[in-house]
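Reviewing the structure listed below.
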């Protein structure tokens with residue numbers, strides 16, 4: 265209690281701080297304070313959100329005794345995590361896992377460890393996958409392509425991005441010698457933000473739905489189960505809170521997300537810079553972000569001179585096929601030499617094409633990492 269002077273009158277103020285031992289139960293029901301009122305929690309979703317806000321229960325913290333991280337982890341994913349997190353190669357895996365708090369007090373691995381590092385987490389959690397669907401037209405009547413990606417969460421992100429890049433149109437701006445500038449019909453950065461957000465913030469308790477990416481002629485939609493947590497909904501785009509702090513932390517260590525609530529503003533800015541409408545957000549129950557496509561990509565000459573500033577409009581499938589043909593004609597070739605044979609294409613684009621070809625089991629890498637190369641898989 266304390267007094268304040270208002271208009272020459274003394275007013276006594278009684279402050280009741282937020283309790284530390286939530287939840288508070290009366291007559292068998294949970295109540296929370298909303299302004300001047302006490303609200304009764306009535307739905308499972310409200311209760312779950314409340315417990316998550318109180319740091320009481322997270323799906324990624326639950327023990328997963330069926331998963332042994334030392335025998336069932338995806339070795340390549342661990343290498344990727346080490347590389348992107350800039351961890352010393354001298355640090356043992358065991359020490360890294362312990363520092364990341366992937367075990368509970370009894371030494372049992374948590375769900376986050378199985379989902380982020382396990383070879384096939386979908387075997388234990390069938391809903392932990394990303395489904396990508398391409399439709400003909402603007403409705404969900406005719407499906408052209410339908411892929412479901414499992415594996416470690418980081419690999420799901422890479423596979424989903426590779427799928428999107430194989431379907432989106434891309435323009436190449438040619439100005440002088442050197443790699444061509446890529447101009448995607450929708451900036452790839454917005455998909456990076458949307459997919460990582462979906463993997464980090466989705467409601468993994470909801471087993472009847474999964475993350476889904478849907479592409480139509482006029483738009484791309486990225487959806488994940490679970491609406492906004494109440495504290496985030498009050499200040500959407502400015503406040504950040506995750507249902508899965510362990511998973512979110514792992515992506516943060518890989519420099520794929522920021523700890524501040526900057527993802528929504530970055531997506532809006534990227535779309536604005538590309539001359540596209542701002543993304544649309546549907547936050548009721550299932551969180552969906554909608555990105556509008558351009559019906560016609562930048563047009564220009566297809567065979568302009570090297571210094572003529574020509575723009576070549578193509579599909580990423582064309583570039584993938586060119587890389588595939590080079591590997592077919594030059595068995596055992598590495599990415600550096602592929603880049604030398606395709607100097608007009610950026611190194612990053614070639615790496616994405618190789619990643620896509622490997623995921624589709626069209627090519628494989630043989631030999632030591634420094635002297636090996638790529639080969640077409642014979643079926």
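Residue numbers (my numbering): 265 to 643.
From the three backbone atoms N, C-alpha and C, an ideal C-beta is built for every residue, glycine too.
As the structure is a prediction and not an experimental result, all values here were calculated from the model.
For residue 588, the secondary structure class from DSSP, reduced to helix, strand or coil, is helix. For residue 412, the enclosing beta strand (DSSP E) stretches over residues 406-413. Assignment of alpha helix (DSSP H) within the segment 298-364, counting only whole runs of 4 or more residues, yields 308-317, 333-336, 339-349 and 357-363 in chain order. The Cβ-Cβ distance between residue 325 and residue 509 falls below 9 Å. Considered as a whole, the segment 438-483 harbours 445-448 and 475-479 as its complete beta strand (DSSP E) runs of no fewer than 3 residues, in chain order. For residue 289, the enclosing beta strand (DSSP E) has its first and last residue at 288-290. Residue 426 places its beta carbon less than 9 Å from that of residue 619. Spanning the alpha carbons of residue 371 and residue 334 requires a straight line of approximately 13 Å.
Residue 629 carries a strand assignment under DSSP once its states are collapsed to helix, strand and coil. Scanning its chain for C-beta atoms nearer than 8 Å, with the 5 sequence neighbours on each side dropped, one finds around residue 416 the residues 338, 341, 379, 380, 381, 382, 383 and 385, in chain order. Buried is the label assigned to residue 419, since at least 16 other Cβ atoms lie within 10 Å of its Cβ. When secondary structure is reduced to three states using DSSP, residue 271 falls in the coil class, being assigned neither helix nor strand.
DSSP places residue 387 in no alpha helix (DSSP H); its state is neither H nor E. Cβ-Cβ distances below 8 Å link residue 483 to 402, 554, 555, 556 and 557 in the same chain, with the five nearest sequence neighbours on each side left out; the list follows chain order.
One Cα belongs to residue 636, the other to residue 596, and the distance between them is close to 7 Å. A direct Cα-Cα distance of roughly 21 Å separates residue 405 from residue 550. For residue 395, the uninterrupted beta strand (DSSP E) segment begins and ends at 394-400. DSSP places residue 513 inside the alpha helix (DSSP H), whose first and last residues are 509-517. As DSSP reads the structure, residue 276 sits in a beta bridge with 267. Taking all protein chains in view, the Cβ of residue 275 is surrounded by fewer than 16 other Cβ atoms within 10 Å, so the residue is classified as exposed.
Counting other Cβ atoms within 10 Å of its Cβ, residue 543 reaches 16 or more and is therefore classed as buried. With a threshold of 16 other beta carbon atoms within 10 Å, residue 449 meets it and is buried. The three-state reading of DSSP puts residue 637 in strand, counting E and B together.
If you draw a straight line from the Cα of residue 529 to the Cα of residue 266, it is about 41 Å long. Distance from the CA of residue 601 to the CA of residue 625, rounded to the nearest whole angstrom, comes to 21 Å.
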